[in-house]
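Visitor: A single structure is presented below for examination.
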Amino acid sequence: MIELAMFYTNALIWLLGALLLVVLLGHAVQFLAWRLYRDVVGWPTIGKALRMYHAAQAKKED
0 MIELAMFYTN ALIWLLGALL LVVLLGHAVQ FLAWRLYRDV VGWPTIGKAL
50 RMYHAAQAKK ED
């Protein structure tokens, strides 16, 4: 019985570790993509990007 509990505990730890790794890799990819995008487009912050986007949308409506 102890071996079975240890097996499932170990499996749970590995599963949580794999999930954490996937989340961290996703954040790293998103961070690197934003850095590349801001270097190409020239927007230093997401806030400035949103303001410029909304300003462009407002000009389209006029």
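Numbering that gives the first Met the number 0 numbers the first residue of the sequence shown as 0 and each following residue consecutively. Cβ coordinates follow ideal geometry from the N, Cα and C atoms, glycine included. Since we're looking at a predicted model, the values are computed, not measured.
Between which two residues does the alpha helix (DSSP H) harbouring T44 extend?
Guide: Along the sequence shown, read from residue 1 onward, the residue named residue 44 stands at position 45. Counting along the chain, T44 falls outside any alpha helix (DSSP H), and DSSP gives it neither H nor E.
Visitor: Can you give me the C-alpha to C-alpha distance between L15 and L31, rounded to a whole angstrom?
Guide: Stepping through the sequence shown from its first residue, residue 15 is reached at position 16. Stepping through the sequence shown from its first residue, residue 31 is reached at position 32. Looking at the two C-alpha atoms, the distance is approximately 24 Å.
Visitor: Going by alpha carbons, who is nearest to W33 out of R50, Y7, I45?
Guide: In the sequence shown, counting from the first residue as 1, residue 33 sits at position 34. Answer by Cα proximity: I45.
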